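**Student:** Residue numbers (numbering that gives the first Met the number 0), protein chains in the order written: chain B, 0 to 113; chain Z, 0 to 881.
For glycine and all other residues, C-beta sits at the position ideal for the given N, C-alpha and C.
Keep in mind it's a predicted model, so treat the numbers as computed, not measured.
Below you will find the structure I want to go over with you.
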Amino acid sequence: MAAQENSKYIDLPQGTVDLLILRTLVLGPQHGWGISERVQQTSSDLLRIQQGSLYPALHRLERRGWIKAHWGTSDNNRRAKYYELTKAGHRQLEVETDSWNKLAAAMAQVLGTA
Amino acid sequence: MLSDILFRIRSLFRRNKAEADLDDELRFHREQELDKYGKSGIADAEALRRVRLNFGGVEQVKEECREAWGIHLLETLLQDFRYGFRVLRKSPGFTAVALLTLTLGIGANTAIFSVLYGILLRPLSYKDTAHLVVLNETTPRVGTVSVSYPNFVDWRAQNSSFSEMAAMCYVGFSLSGINQPENVAGLAVSTNFLSMLGMHPLLGRDFDASEGKAGAAAVTLLSYALWQSHFGGDPNIIGRSIALDGRSFSIIGVLPAEFRWTEKTDLLEPIGVWLTNNSGSNERGERGDLTVLGRLAPGASFPQVRAEMEAIAARLANAYPSANSQFGVVLQSLRDVFVRGLRPAVIVLFTAVSFVLLIACANVANLFLMRSAGRTKEIALRVAVGAGRGRVITQMLAESLILTSLGGIAGSALAVVVNCGLVSLIPHDMLAGANVAVNGPALLFTAGVVALCSFVFGLVPALHSAKADVQTELKDGGRTASAGSSQSRWRGALACAEISLALVLLVGAGLMMKSLVRLLSVDAGIRTEHVLTMRIDLPQSQFDKDPARLSFWERVVSRVRELPGVQGAALGTGVTLTNEHGRTDITIEGMILPKPGSFPHPDVHIVSPGYVNALGVRLLRGREFTDMDKKDGARVAMINSLVTKKFFGDRDPIGGRFMFGQPSAKSEPKWFTVVGVVGDTKMYGLANPARLEVYVPFRQFVPDSMTLVVKSAVEPAVLTSEIRAAVASINKDLPVYNISTMDQYVRDSVSTNRITFIVLGCFSGLALLLAAIGVYGVLSYSVAQRSQEIGIRMALGAQSADVLRMVLGQGAKIAAAGIIAGVVAALFLTRLMTKLLFAVSTADPATFAGVALALLFAALLASYIPARRALAVDPLKTLRCQ
């Protein structure tokens, strides 16, 4: 049943979770659930980050210093952990976006000619 | 990178908080999901199910988050350490033996390193010490000698290799007017001396240039120690005066505490004051007690400087042949002058102590190997339930690190004790104020040793057990889990290495012992028992005429002779072994005149009647001096047998004549007639050859500084205060100093050899013990492992003798291999000791053979106990157990 439900989503390739998180956080501080919701919305329900990989990724990014966390209150008055981009995170986002675009273009080119 | 580490550490220490936060964060996520499902009208139970499904394993997510925190590594390490502690506590016997071995090894190393550091490595507190060079003159007849002042002046003027040069001359002073009169060590220096060292007086001013010329006013800079001990550190000391040799010197400053020189130095005076008071200072042939300090010019290399100085010396020898012919220049780095002859001893001891540490490490590694053999099952189990090889290795390393760290701590404590013992062995003046205490650098060294050791003996067993094959280990009944052949090879090799290291140490100690025995049996040419010596100087200001001096000396001798317990008393200069000497050229009547620098250059003793008897010099022919050998009487002399042999050959020397100095057309020669021949004495220590010696009576050459030699029936030291009182009753302002028995001088003259022998002896004893324990350990383990095999053999009819032979044979094989390797290593390494040995070859066959036999014996003894155990094996029992 889980497999059926998941089948409408695209499998996320390795390493794209970080990029998606960083990109989402450009819009402002957000908590983990918010990030996953926003990715789902903005990708028209095509992309969905598994919670199992979302949180480890968040903690890893925090350790690397690309995002920082603080506790705040959510819209429905719950205590939530908010993440925001650091300066290093902004730089990292540029780097990763750039290399993703190159990859995507290259992939498209190869697939187009084949 | 730094923030990364900080993050990890923060996570580690705020572990509870981090866990709670993680729980909160994930709960928030689930609640949001629930809310979302709730809003879209899905029933609570179904919503909860979906949330769980989506989320996956909560614990797994948490674990992955924790891993993302990066505390894994640190946590595992902590776990390993905790586990290591538990394991070590559980086998107290093993831990105690390993710890004791390490403590001894590390303690000895730290103690010796602190001495090595203090003497050889510790930076001197002067500006750019590496460029400071001490210069002396040298002549083939004597070796290194002091520099004459006119030569120094020419060196300074003519050289281009040194940016600066300064003269330094030791002068003893009688300091009176404060407490008991005492002798203080002064150093007369060129006025640029302090600035050349990059030092400034703590108080007051440095010497100024005008004080470098003859006629300078008497001023002085006090050492920090003298300022403290005699003036209580009075800050208003500048401008006060101090009575030296009865003259008033004005104190212009105090030296900083870190000023120390190659010999004890209580105060400085400007060279100008010395020039004023020293008539001999402008004679080119007068080489008193002056040495020269130079600072190398930038870019000047040692060989180049040496060449230039040799050239200058050659020019001076041409210009002044009578004073300088055959005199060259020797250069030594200031560091070497501070170190003196201690370098070879320190290096040998440090090598020896590293060997002790290696043996200790080998022993502990062996213990670890044996234990890891017993633990193969435990480790196989851990590997089976998922521990990686890396994890097993870290675990073993953690155990060895705990052990060595504890050993390091205990060893440092031990080092402090050993260090005190060592320092008490070294004669005080040999250290020249060097700080050899266990200090920061020594402890740093210990930390390095600890890290290295734990790696050395931790890694071998660690790699070994990590290699273990899970399948076989677990399948194997466990009880018989034998430690494969590679393990026993390792252990055999380690025991073998221990034996060879111990052999090198024992050979070293053996050579030192033999050399010390040979040295102490050298005939010094004097009697050393019950002889007390002390020195008295007469200041020029009070005793400027011969009769005054003579009358003082005569009264001293007669007063001291009257003291109860005194069997004989006499005065002399340049007394054998006391480090005082006076040498001059002589011309023997009728000899073919040699070149100016090749005249006979004997040590001259100016002595009172009774000297030969008091010091126990042997009178071989003729007579000793008597009270009749007066100033106006016939000039007489005694010579030693070396002079006789060299210059009189078969002729009877009695009645022969010589004169001091070289003949000159200007003056009538003053001949001295030989009236007696005495035996040679070892003027410069037991290890040095006898030299030419001549003796003249003190009434014909009245000296202003003499050594009183007292022969007593009782232990001579008890006479000291009475002799002091006797001298004070004649003149209360004169210090009596350098009080020492002849026995003490003999001991001091062999002190380096003795210290090296004692320390090396202790180390090699320790090494022998550790090596024997090593062999014992290997064999007992192997006997325990092979008890079934032995049982079967016995059941099949092997006799006790066969079993005994088998075990002892294994021990002998290890010992033999170790001895062969050790002999080869020792043949190379004992060369380090060449300078420490006296009349013993570094490859002395008797020593090598004796040590090899002793080691073989020790190894067999160590194998005997396990062999007995093997004999006790009951074939029935072992077979039934199977």
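Going by other Cβ atoms of all chains shown within 10 Å of its Cβ, with 16 needed for buried, is G33 (chain B) buried or exposed?
**Tutor:** By the neighbour-count rule (16 or more Cβ atoms within 10 Å), G33 (chain B) is buried.
**Student:** Are the beta-carbon atoms of D802 (chain Z) and L870 (chain Z) separated by less than 7 Å?
**Tutor:** Looking at the sequence shown, residue 802 (chain Z) is not Asp but Val. Their beta carbons are under 7 Å apart, which means V802 (chain Z) touches L870 (chain Z) by this criterion.
**Student:** Use the C-beta contact count for T112 (chain B): other C-beta atoms within 10 angstroms, 16 or more gives buried, fewer gives exposed.
**Tutor:** With fewer than 16 Cβ atoms within 10 Å of its Cβ, T112 (chain B) is classed as exposed.
**Student:** Write down every uninterrupted run of the alpha helix (DSSP H) in the stretch 303-348 of chain Z whose length is 4 residues or greater and which is fully enclosed by it, in chain order.
**Tutor:** The stretch 303-348 of chain Z contains these whole alpha helix (DSSP H) runs: 320-323, 333-338.
**Student:** Excluding the 5 residues flanking V329 (chain Z) on each side, which residues of the same chain have their C-beta closer than 6 Å to its C-beta?
**Tutor:** Excluding residues within five positions, the ones whose Cβ falls inside 6 Å are N135, T137, T143.
**Student:** One question on the structure: do L366 (chain Z) and A97 (chain Z) come within less than 7 Å of each other, judged by their Cβ atoms?
**Tutor:** Going by C-beta atoms, L366 (chain Z) is nearer than 7 Å to A97 (chain Z).
**Student:** Can you tell me whether DSSP reads H604 (chain Z) as helix, strand or coil?
**Tutor:** It is a strand residue.
**Student:** Here's a check: name, in chain order, each residue in its chain whose Cβ is nearer than 8 Å to the Cβ of V347 (chain Z), leaving out the five neighbours to either side.
**Tutor:** Result list for V347 (chain Z): G507, T755, L759, L831, M832, L835, in chain order.
**Student:** If you measure from the beta carbon of Q31 (chain Z) to each beta carbon in chain B, is any gap under 7 Å?
**Tutor:** By this cut-off, Q31 (chain Z) is an interface position.
**Student:** Find the nearest neighbour of P608 (chain Z) within the set Z:F598, Z:W489, Z:M627, Z:P734, judged by alpha-carbon distance.
**Tutor:** The residue with the shortest Cα to Cα distance from P608 (chain Z) is Z:M627.
**Student:** Grouping DSSP H, G and I as helix and E and B as strand, with all else coil, what is N277 (chain Z)?
**Tutor:** Three-state result, N277 (chain Z): coil.
**Student:** Run through chain Z and tell me which residues come within less than 8 Å of P55 (chain B), C-beta to C-beta.
**Tutor:** Chain Z residues near P55 (chain B): V60, E63, C64, E66, A67.
**Student:** Under 7 Å between the Cβ atoms of I498 (chain Z) and A313 (chain Z)?
**Tutor:** For I498 (chain Z) and A313 (chain Z), no; Cβs fall outside 7 Å.
**Student:** Are three or more beta carbon pairs between the stretch 533-540 of chain Z and the stretch 724-736 of chain Z nearer than 8 Å?
**Tutor:** These segments touch.
**Student:** Could you spell out the range, first to last residue, of the alpha helix (DSSP H) harbouring K645 (chain Z)?
**Tutor:** That run of the alpha helix (DSSP H) goes 640-646.
**Student:** Between W65 (chain B) and chain Z, is the shortest Cβ-Cβ distance under 7 Å, so that the two count as touching?
**Tutor:** Chain Z, which has no Cβ nearer than 7 Å to the Cβ of W65 (chain B), makes this no.
**Student:** With DSSP as the reference, label Q157 (chain Z) as helix, strand or coil.
**Tutor:** Three-state DSSP puts Q157 (chain Z) in a helix.
**Student:** Between Z:W68, Z:A636, Z:P668, Z:L202, which has its C-alpha nearest L618 (chain Z)'s C-alpha?
**Tutor:** That would be Z:A636, whose Cα lies nearest to the Cα of L618 (chain Z).
**Student:** Which residues in chain D have a C-beta closer than 8 Å to the C-beta of W32 (chain B)? List them in chain order.
**Tutor:** Absent from the structure is chain D; the protein chains it does hold are B and Z.
**Student:** For H58 (chain B), which residues in chain Z fall below 7 Å Cβ to Cβ?
**Tutor:** The answer, in chain order, is C64, A67, W68.
**Student:** Return the bridge partner residues of I66 (chain B) from the DSSP annotation.
**Tutor:** Its beta-bridge partners are B:L84.
**Student:** Along the chain, where does the beta strand (DSSP E) containing N135 (chain Z) start, and where does it finish?
**Tutor:** That run of the beta strand (DSSP E) goes 131-138.
**Student:** Hey, how far is the Cα of V559 (chain Z) from the Cα of L519 (chain Z)?
**Tutor:** Each residue's alpha carbon lies about 31 Å from the other.
**Student:** For Q787 (chain Z), tell me which candidate among Z:L855, Z:K876, Z:G410 has the shortest Cα-Cα distance.
**Tutor:** The shortest Cα separation from Q787 (chain Z) among Z:L855, Z:K876, Z:G410 belongs to Z:K876.
**Student:** Taking the Cβ atom as the reference point for each residue, do E588 (chain Z) and R656 (chain Z) lie within a distance shorter than 7 Å?
**Tutor:** Cβ atoms of E588 (chain Z) and R656 (chain Z): closer than 7 Å.
**Student:** Can you tell me which of the three DSSP states P696 (chain Z) falls into?
**Tutor:** P696 (chain Z) falls in the strand class under three-state DSSP.
**Student:** Spell out the partners DSSP gives F671 (chain Z) in its beta bridges.
**Tutor:** DSSP, once it has assigned bridges, lists Z:F657 as partnering F671 (chain Z).
**Student:** Considering only residues of the same chain and omitting the five flanking positions on each side of T625 (chain Z), which have a CB-CB separation below 6 Å?
**Tutor:** Within the same chain, T625 (chain Z) has close Cβ partners P608.
**Student:** Determine the direct distance from the alpha carbon of V673 (chain Z) to that of I638 (chain Z), and round the result to whole angstroms.
**Tutor:** Each residue's Cα considered, the two are about 7 Å apart.
**Student:** Taking D22 (chain Z) as the query, report the chain B residues whose CB atoms sit under 7 Å from its CB, ordered along the chain.
**Tutor:** Result: empty, since nearest Cβ-Cβ is about 11 Å, beyond 7 Å.
**Student:** Can you list the residues of chain Z that K101 (chain B) reaches, using a CB-CB cut of under 9 Å?
**Tutor:** Those do not exist, as K101 (chain B) stays about 27 Å from chain Z at its closest Cβ, beyond 9 Å.
**Student:** Closest to T102 (chain Z) by CA distance: which of Z:N15, Z:C452, Z:R650, Z:T264 is it?
**Tutor:** Here the closest residue by C-alpha is Z:C452.
**Student:** Determine whether the Cβ of R77 (chain B) lies closer than 7 Å to any Cβ atom of chain Z.
**Tutor:** Closer than 7 Å: yes.
**Student:** Please name the residue, chosen from Z:L504, Z:D679, Z:L115, that lies closest to V437 (chain Z) on a Cα-to-Cα basis.
**Tutor:** Nearest of Z:L504, Z:D679, Z:L115 to V437 (chain Z), Cα basis: Z:L115.
**Student:** Please state whether DSSP places K731 (chain Z) in a helix, a strand or coil.
**Tutor:** Coil at K731 (chain Z), not helix or strand.
**Student:** Using 7 Å as the limit for Cβ to Cβ distance, is K80 (chain B) near chain Z?
**Tutor:** Judged by the 7 Å Cβ criterion, K80 (chain B) is in contact with chain Z.
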